[in-house]
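There are 4 protein chains.
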Amino acid sequence: MQRFPRENCGIFGVYGHPEASKLTYFGLYALQHRGQESAGIVVSDGKEIHEHKGMGLVPEVFDESILNSLPGHIAIGHVRYSTTGFSLLRNAQPFVVYHLGMTLAIAHNGNLINAYDLRKQLEEDGAIFQSTMDSEIIIHLWAHYFYLGMEEGLAKALSKVKGAYSLVLMTEDTLIAARDPNGFRPLCLGKLKNGGYIIASETCALDLIEAKYIRDVEPGEILFINDKGLHSIYLPPAPRHSHCIFELIYFARPDSRIFGRNVYLFRKAQGEELAKETKIEADLVMPFPDSGNYVAIGYAQAANLPFEIGMIRNHYVGRTFIQPSPTMRDFGVKIKLNPVKELLKDKRIVILEDSIIRGTTCRSRIKTLREIGVKEIHLLVSCPPHCFPCYYGIDFSSKGELIAASKSIEEIRKFLNLDSLHYLSMDGLLRASDIPKQQLCLACFNGEYPILLEREFSKTWLERHGA
Amino acid sequence: MQRFPRENCGIFGVYGHPEASKLTYFGLYALQHRGQESAGIVVSDGKEIHEHKGMGLVPEVFDESILNSLPGHIAIGHVRYSTTGFSLLRNAQPFVVYHLGMTLAIAHNGNLINAYDLRKQLEEDGAIFQSTMDSEIIIHLWAHYFYLGMEEGLAKALSKVKGAYSLVLMTEDTLIAARDPNGFRPLCLGKLKNGGYIIASETCALDLIEAKYIRDVEPGEILFINDKGLHSIYLPPAPRHSHCIFELIYFARPDSRIFGRNVYLFRKAQGEELAKETKIEADLVMPFPDSGNYVAIGYAQAANLPFEIGMIRNHYVGRTFIQPSPTMRDFGVKIKLNPVKELLKDKRIVILEDSIIRGTTCRSRIKTLREIGVKEIHLLVSCPPHCFPCYYGIDFSSKGELIAASKSIEEIRKFLNLDSLHYLSMDGLLRASDIPKQQLCLACFNGEYPILLEREFSKTWLERHGA
Amino acid sequence: MQRFPRENCGIFGVYGHPEASKLTYFGLYALQHRGQESAGIVVSDGKEIHEHKGMGLVPEVFDESILNSLPGHIAIGHVRYSTTGFSLLRNAQPFVVYHLGMTLAIAHNGNLINAYDLRKQLEEDGAIFQSTMDSEIIIHLWAHYFYLGMEEGLAKALSKVKGAYSLVLMTEDTLIAARDPNGFRPLCLGKLKNGGYIIASETCALDLIEAKYIRDVEPGEILFINDKGLHSIYLPPAPRHSHCIFELIYFARPDSRIFGRNVYLFRKAQGEELAKETKIEADLVMPFPDSGNYVAIGYAQAANLPFEIGMIRNHYVGRTFIQPSPTMRDFGVKIKLNPVKELLKDKRIVILEDSIIRGTTCRSRIKTLREIGVKEIHLLVSCPPHCFPCYYGIDFSSKGELIAASKSIEEIRKFLNLDSLHYLSMDGLLRASDIPKQQLCLACFNGEYPILLEREFSKTWLERHGA
Amino acid sequence: MQRFPRENCGIFGVYGHPEASKLTYFGLYALQHRGQESAGIVVSDGKEIHEHKGMGLVPEVFDESILNSLPGHIAIGHVRYSTTGFSLLRNAQPFVVYHLGMTLAIAHNGNLINAYDLRKQLEEDGAIFQSTMDSEIIIHLWAHYFYLGMEEGLAKALSKVKGAYSLVLMTEDTLIAARDPNGFRPLCLGKLKNGGYIIASETCALDLIEAKYIRDVEPGEILFINDKGLHSIYLPPAPRHSHCIFELIYFARPDSRIFGRNVYLFRKAQGEELAKETKIEADLVMPFPDSGNYVAIGYAQAANLPFEIGMIRNHYVGRTFIQPSPTMRDFGVKIKLNPVKELLKDKRIVILEDSIIRGTTCRSRIKTLREIGVKEIHLLVSCPPHCFPCYYGIDFSSKGELIAASKSIEEIRKFLNLDSLHYLSMDGLLRASDIPKQQLCLACFNGEYPILLEREFSKTWLERHGA
């Protein structure tokens, strides 16, 4: 799948390391796949807070001298999703505010569903906003309930908020992690060799900085870390957990462990389930790189077919790419992936892909393969058809753009010019996940939303009215 | 005087020109002398608001493509003073916020004296702040009283605020100008040839864009300009006006007219008054460029002595200047000004300067002149000794740094190594100004503050507690 | 293998396309793996020549407006290898000079072995040099023999030159390609749909821009393309061809066809030969990404073992990476590759790698794998031990740094902490290549240099004496 | 006069200071008025040479870290003139080449008149050129005659060259200064307090770095400075000296002493001569800033009229200025200079200007003055009408653009809309200069060229054929 579902973020926090900002830099590097639009780090030495944010990748936003200007032993960081359109430094995180002589900072992964109502209410009470971020609502609520105390105020604030959120927050002397009661997005706790603590969206960030994984931050938990140690308070539990299946299918890195499951092994298992559900006569199996790699390995092993890397990825394709002229229109696809003609000509091939959102990129790739003389093309998708939008932080765009929402599988097969097209069944997906169905959010496949929307809310609204 | 008093700003607004952001660019260019640290423009096409801000001079912050991305017929702009120390994009103006579906923008010149109390109160009510700017307090108050209506809410907000402010504000469809009831800082209204309106800190900005000067925005006036035309409401009048004498002496451009007085002619008159008050046998008269130029011309004519430009200014000295090594310490002074030895050697000279704050720069210049063999050096200062700090927007720093607060005139003369030193008397200054004493703020000379401080407030406080 | 052998370049030329510079941009993009240090394009509209060069990757050096400032239908381009140390824009290519009213440009891939003597002789005749590039010698010789005519002068110049070179050259109206008589480096000719011609280091550049591969530029051929069509002249033939085996093993992209052989299939064949030569009891096969990918696929299929991607590559690791502090020393390795613990723990694994130069990176990776509990590690290298330096354009550094030059295989195994280590035999390598031994340069393995060195020449010399 | 004559440069050299590059930085800062397009420094520690060049002003091209990367005790530097059109880093100086194991560097101020012939001859001998600079010809000739020895080779090379040149050159261990036998351009020698030596275009650069002026480098002198001390060799003398009068009138800084005359006093003397030659009834005297400042002071004193600064200069107008839209066309003039209406309205004024080249800028300024109601405008020009082009380094453009070449004084007066217009006579100019007529080049006024042109040479030629 091409990088279409794009609204997701990575968050990271450190408590108790003398080079907290540098650790956060490395942590964000490991989480860069969760967001490429902007990056930010806020750091405290216990008294003063410094911050730096910018548009671009982590190594574009930070250099040695900037990191040196961010001293302290507590830090939080954030990487934000990449959009194709308009975006703003104004919306980059972490978000820092001043309140009653304290400095508060927040970094947020997820999406609130009652943001519109909360914001309206706050504004009617005289609040003013500087961004269109949900995170700003949380911090306004926190300030509003600050009279209850820092901890109780935050609990009260989060009890007002509905939707998906994994958070790291910071005051001058405390690191805070919080996760919504449904546990939509991952968040884990790790420990450094020197005794310090780490909060991260995924375990791959712990591996990089040699922190030991301790446990996930629990759904509904608010965890405070300061010089008195760790302690937690809890939000009222949700009726059920609803871990986002798309984190496992697509977002998380294969070397991470989220929701108790290693992502690599989950994806191989998807391929194995696909092998059980289909029977295809073919010469070789290949992924659309890199999203289908692990599913393809699992499928090839289970189906006993040769695994090949039939399309070669150009590792140097970055974001500052020149748009081809109209006469060079196809170069855009080929610059990323070039098929190996000598390998694929006259062959019957099975391609593995992790999802089909709009189908346009997939279609151009199939066209390229047909042009070099591939004999048969069978496409296997490692999840059920994708029919419903997500309100909890994955931006599949509106329902109208989801190809499976308006076309039958046979219509999609024709549109993509395939010999056959198979989707993994819901049962197969659940077996691969090894997680009980009632603990997952599968709404994008079955429309069963774990939290009800109070009104049709979309990022669009705020952008129209606020930004 | 060297660029020491540094907390001042330039503001500019346009209503009714299709290229409002470009006009604002030119307007800010003309006001660049009022602030070199940051520049910003906010523009509206009646529906949507766009903004751009950055650190640096106007032409460094804006280029053609940025201006093209700022469409609309209403705009406000701001240039901020240059500091030698730490400063932040976070504090750049105009300041934009979102409130109840509206976008509000503000640009502020001046300083509030009850900022600390107002901010504390707002925070206790749950407000959160993003900057350390006074301007943010004004906009919070406006939001707080918005239930009274946009106009009345602003009047109510400003009635709570004490101190010096000239403001331009903007909503999606309205340009607003406001000036504190004391009229500390200048602000004028002009009219474009196409019928549009301009608000500017000084008339030199009107000249550049060929707008006709109409009148000053009156002390206590809040002026609204939108598609229904112009109308004003008024704040309760202050007991007296208190126009800042330092605007005339130092800040304003000589080609501007402020407080009803042309600045060039005022400064020449200062020189003429000095000639009445002193009698010096000398060979020539020269200014310390460029601040003493016009005073020197006035003095030379009145004293019937030759006017010379005895120290040559390097026009290319910019802000990104390499610090000289310890062994090259004196280069820093000489890179800006080099005396013309052939002109000055063995001469008795009178130097005109507009003020002496700390005296250090002045001292190095005198030293350079002594080294090339000047025979006698007489320094004339075009105002009385500068003994008191300013709380209304001019950052002379704390009282401790004002040389005249701790040294007698004779001590200063010795410190500077002068043959003689004369300050213009208060009476001479008032005669030059042609403005009644009770309409001027002369606090930096006589300590008579037109508005009383409720507590010792300084920018330092906020920086310690908030930023 | 880590990106150690680093002195190689990519070259590209277009004749007969109205957007020649844009095509060159795309061509260089496809050749970016051959050089990441600098990029340059020179273009001609038949009369005037424009150029742009810069340090960095192709999309960093060129943007839309720069390409628009490079009009014309003839162009040549160059990407230069990345070094860890010092490098200069002065040495970026193509190199442009003025001579007798003509503009000449050259882009060079390879290394001359009589550069020192030629340069010395030219300088003694009064020539002055602006760079330390071999290419400058070629163009000086061309100018020297220009009295023989443009074509004969170039042939005469190249007859004086010894070593490896694939060249594209350009005058205002002619595109020229040339390849040394030994054919060390690849160079191919393609045809555009519109009838124009392309010269490129590898066929992958033809694929991207939809040019059809016609043939290789032959060893010893000088090919002129202008408005009279194509014609060639030939240098005296070399006693034998000597295509660089390392181009196939390491440098070229797997989707390219060079020296008549597809690179992907060659690398798979290496893996198959390794499977014939070794017999290992193991649970899975994995590459060191990405260099070992295709060998590993070939090996896994032939040995009938599961193929896995056991170490996950961070796709966002760029070149502007912060150096870890001493206490974070291991992060540097892990930021690029993280092993999948859940997959590898307690397993017996076979790792495929394309070569071992110094062994240091390999050693750290093995260490990381040991730490997560891998049971047995068997390393297979897809070529013989690497014992001799290269004088024809591959910078393995001096002989002293080649681990295989000073250590036995058993010593290397111990140094790397492996359970076993196997190198592919020379026979196995030749079988995989499907190219007669006498047409290959295998000097880095067997020390049999196809062209003799006249003196010990190294880049170091020129840098010491010239740059 | 507006900054029209633009082809001039500033050069600087240091021998014997541990921070030679930093001294050169300051020296170039002081010479910035001689060239704003590019800046460069080359430095040697006795063994190795480092260089840095870039487009822009000195502080834009160099920062602390760049200067720190330029170690050594010998350095030369160059600032190049600013053009409105196209210019190239390729042509930035100093120019560095490698020859016979030596590194040679050159920085040049002036223009050769036999460049075309010399270059053609060199190219026919096989030389290749990298730039369109005259300087490259000098260094080619030097290399050509290097067999005569370093010193004699340079003397031989310079004996072949005709035209205007002041040069600083450098090898790894020697600083060299040279000046053409006519002495067109200034060049002086100074001594540092630590015993080191300085070469500079003007004495103002000596003042800044506290070097003592020793003497001018003599016309025809080649001065070598190395660890054996200073020694000179001499070119055959020219029949006469021909110091450029325009250096005194326009280019040099008023605080400099060139050709034995202080520039400030010369310009005042021009004003005094003008006062002798004209008799005008007026209310005040003012310059067009800043070029007419000193002439105006001299005139006002001699004519006993009040001196005023009637037009105010915006000190912040830089080079990255947005072009006004067609409807804002006049802003471009006003952004630089704004007249003081209150001072000038209804007055009879005398304006002093140093020259009129095309007259267009002057005309717009007069128009602006007429618009604010000035009663009478009398313009005095401090030199005779400017009728002939310069071939020795001042780029007045072709003869066609010189207004005085095609219009009578009365026609110019009408074109500019003046009440009267007076030019200083040649005799007056010579009296002001205090230099014998036969030692000056006055060709731009009287067409008597001290060196004959062998063919019509212009920069255009090389640009058409070479760049």
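For the protein sequence lines, the chains are A, B, C and D, in the order given. Residue 282 in UniProt numbering sits at position 282 of the first sequence, with consecutive numbering throughout. Residue 94 in UniProt numbering sits at position 94 of the second sequence, with consecutive numbering throughout. Residue 316 in UniProt numbering sits at position 316 of the third sequence, with consecutive numbering throughout. Residue 157 in UniProt numbering sits at position 157 of the fourth sequence, with consecutive numbering throughout. Backbone N, C-alpha and C fix where the C-beta goes; we use that ideal spot for every residue, glycine too.
About 5 Å separates the CB atoms of A/Leu175 and A/Gly13; that is less than 8 Å, so the two are in contact.
Inter-residue distance for C/Pro389 and C/Ser135 is about 22 Å (C-alpha atoms, whole angstroms). Interface annotation for the stretch 21-49 of chain B against chain D: Lys22, Leu23, Tyr25, Phe26, Tyr29, Ala30, Gln32, His33 and Gln36, criterion Cβ-Cβ distance under 9 Å. Under the 10 Å beta carbon count, C/Thr24 is surrounded by 16 or more other beta carbons and is classified as buried.
Per DSSP, reduced to three states, the secondary structure at A/Pro339 is strand. Taking 8 Å as the threshold, the shortest C-beta distance from C/Phe307 to chain A falls below it. Contact of B/Glu124 with chain A is assigned, a C-beta pair being separated by under 8 Å. For B/Ala157, there are no C-beta contacts with chain A under 8 Å, since the nearest C-beta of that chain is about 11 Å from it. Per DSSP, the continuous alpha helix (DSSP H) segment holding B/Pro59 begins and ends at Val58 to Val61. Nearest neighbour of C/Ile225 by Cα position, chosen from C/Tyr15, C/Asn446, C/Gln438 and C/Glu151, turns out to be C/Tyr15. No Cβ of chain B is located within less than 8 Å of the beta carbon of D/Asp434.
Residue ranges of uninterrupted alpha helix (DSSP H) with 4 or more members, entirely inside the stretch 6-33 of chain C and ordered along the chain, are 20-30. Taking 8 Å as the CB threshold, A/Asn293 lines the interface with chain C. DSSP links A/Thr103 through a beta bridge to A/Tyr98. B/Leu344 is bridged by DSSP to nothing; it lacks a bridge partner.
Between the stretch 437-454 of chain A and the stretch 180-187 of chain A there are three or more C-beta pairs closer than 8 Å, enough to call the two in contact. With distances taken between CA atoms, A/Ile199 lies nearest to A/Val168 out of A/Lys228, A/Gly220, A/Val168 and A/Gln270. C/Thr327 is classed as exposed because its beta carbon has fewer than 16 other beta carbons within 10 Å across all chains shown.
One Cα belongs to C/Leu274, the other to C/Tyr147, and the distance between them is close to 55 Å. Close CB contacts of A/Arg80 within its chain, under the 7 Å cut and outside five residues either way in sequence, are with Cys9, Gly35, Glu37, Ser38, Ala92 and Gln93 (chain order). Apart from sequence neighbours up to five positions away, the residues of its chain that approach C/Ala127 with a beta-carbon distance below 6 Å are His140, ordered along the chain. Counting of Cβ neighbours within 10 angstroms places A/Gly292 among the buried residues, the total reaching 16 or more. Taking a beta-carbon distance threshold of 8 Å, C/Phe259 does not count as an interface residue toward chain D. In the three-state scheme derived from DSSP, where H, G and I count as helix and E and B as strand, D/Ser256 is classed as coil.
When Cβ pairs closer than 8 Å are counted between the two stretches, the stretch 365-375 of chain B is seen not to touch the stretch 404-415 of chain B, the count staying below three. The three-state reading of DSSP puts C/Glu51 in strand, counting E and B together.
C/Lys191 is a Cβ neighbour of C/Ala211, given a cutoff of 8 Å.
Using a Cβ distance threshold of 8 Å, A/Leu379 and A/Leu343 do not count as a contacting pair.
Taking 4 residues as the minimum length, the alpha helix (DSSP H) runs contained wholly in the stretch 139-171 of chain A are 150-160, in order along the chain.
Residues of chain C whose Cβ lies closer than 8 Å to the Cβ of D/Tyr264 do not exist; the shortest such Cβ separation is about 42 Å. Proximity of chain D to B/Glu202 at the Cβ level (cut-off 7 Å) is not reached, the minimal Cβ distance being about 11 Å. Straight across, the Cα-Cα distance linking D/Ile309 with B/Tyr294 is about 8 Å. Cβ atoms of D/Gly163 and D/Leu208 stay farther apart than 8 Å, at about 29 Å.
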